[in-house]
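Going letter by letter, the sequence shown gives residues 99 to 188 in my numbering.
The structure appears below as structure tokens.
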Amino acid sequence: MRTVRCIKLNKDAEGLDFPPYPGTLGQRLFESVSKEAWQGWIKHQTMLVNENRLNLADLRARKYLAQQMENYFFSDDVDQPAGYVPPSGD
Numbered sequence: 099m100r101t102v103r104c105i106k107l108n109k110d111a112e113g114l115d116f117p118p119y120p121g122t123l124g125q126r127l128f129e130s131v132s133k134e135a136w137q138g139w140i141k142h143q144t145m146l147v148n149e150n151r152l153n154l155a156d157l158r159a160r161k162y163l164a165q166q167m168e169n170y171f172f173s174d175d176v177d178q179p180a181g182y183v184p185p186s187g188d
């Protein structure tokens, strides 16, 4: 098991098995994102695709998701679908 200091969860956790995206961004993700955080991104990405009705055959949609992925892990500027209400901690 490979361990990384996860930039999203701010803890040591099991790292990804391989870079999840091509190029420099993929390598950054591989080096600093845990499997747990990656699963969080997959859920967020699915929500963005569904709620915004993105067509993944469209280059603009893929570029948008790539930018959102980078923002999700490396900044606080992440889009939420209109009307999104985070689950309560109850």
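Backbone N, C-alpha and C fix where the C-beta goes; we use that ideal spot for every residue, glycine too.
CB contact flag (residue i, residue j, <8 angstroms)
| i | j | result |
| --- | --- | --- |
| TRP136 | PRO118 | yes |
| THR101 | ASP115 | no |
| SER132 | GLU112 | yes |
| GLN166 | ASP177 | yes |
Closest by C-alpha distance to residue i, when choosing among the options
| i | options | result |
| --- | --- | --- |
| GLY138 | PHE171, ARG160 and ALA180 | PHE171 |
| GLU168 | HIS142, SER186 and LYS109 | HIS142 |
| PRO179 | SER186, LEU146 and GLN166 | LEU146 |
| ASN108 | THR122, ASP177, VAL176 and GLU134 | GLU134 |
| GLU126 | LEU157, ILE140 and CYS104 | In the sequence as presented, Glu is not what sits at residue 126; that position holds Arg. Answer by Cα proximity: CYS104. |
| GLY124 | VAL183, ALA164 and SER186 | ALA164 |
Bounding residues of the alpha helix (DSSP H) (the contiguous stretch that carries residue i)
| i | result |
| --- | --- |
| MET167 | 157-172 |
- Item | Runs of beta strand (DSSP E) lying entirely within the segment 105-151, each at least 3 residues, in chain order | Taken in chain order, the whole beta strand (DSSP E) runs of length 3 or more contained in the segment 105-151 are 109-112.
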